[in-house]
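A short worksheet on the structure shown next.
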Amino acid sequence: QAGGPAEQSGVIVGDILVSLDGRPCRAAEDVLAVLGRTRPEQVLEAVLVRGGNRREVTLVVGERPQRQSCP
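Each step along the sequence shown adds one to the number in this note's numbering, with nothing skipped, and position 39 is 24.
As structure tokens, this is what we get:
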């Protein structure tokens, strides 16, 4: 999301997420499992691969968007 927590931490399109909060990320479900246990403003460490190089970034969890109901 443009301007979201990931972008603010320097994550860009094409980065490969290797681990989040010390847990390996092999699929989207792994990421969702970690994020499901977090709260806004919580700090997480992430390991990314960008252009074949390993990078470590610190992410600050943002507010979850409110679900919109159908009219």
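By construction, the Cβ of each residue, glycine as well, lies at the ideal position given by its N, Cα and C atoms.
Exercise. Look at Val42 and Ser(-6) and say whether their C-beta atoms are less than 8 Å apart.
Key: With respect to the 8 Å criterion, Val42 and Ser(-6) are classified as neighbours on the basis of their beta carbons.
Practice problem: Measuring alpha carbon to alpha carbon, tell me which of Ile1, Gly(-1) and Asp6 ends up nearest Thr23. | Solution: Answer by Cα proximity: Asp6.
Exercise. Determine the burial state of Ala(-13): buried for a count of at least 16 other Cβ atoms within 10 Å of its Cβ, exposed for fewer.
Key: With fewer than 16 other CB atoms across the displayed protein chains lying within 10 angstroms of its CB, Ala(-13) is exposed.
Quiz item: Are the beta-carbon atoms of Leu44 and Val3 separated by less than 8 Å?
Solution: Annotated as distal: Leu44 and Val3, with beta-carbon spacing of 8 Å or more.
Quiz item: What is the rounded straight-line gap between the Cα of Val16 and the Cα of Ala(-9)?
Solution: About 13 Å.
Self-check item: C-alpha distance - Gly36 paired with Asp0, whole-angstrom precision
Solution: Gly36 and Asp0 have their C-alpha atoms spaced approximately 8 Å apart.
Quiz item: What does DSSP give as the partner residues of Ser4 in its beta bridges?
Solution: Listed as beta-bridge partners of Ser4 by DSSP are Pro9 and Val32.
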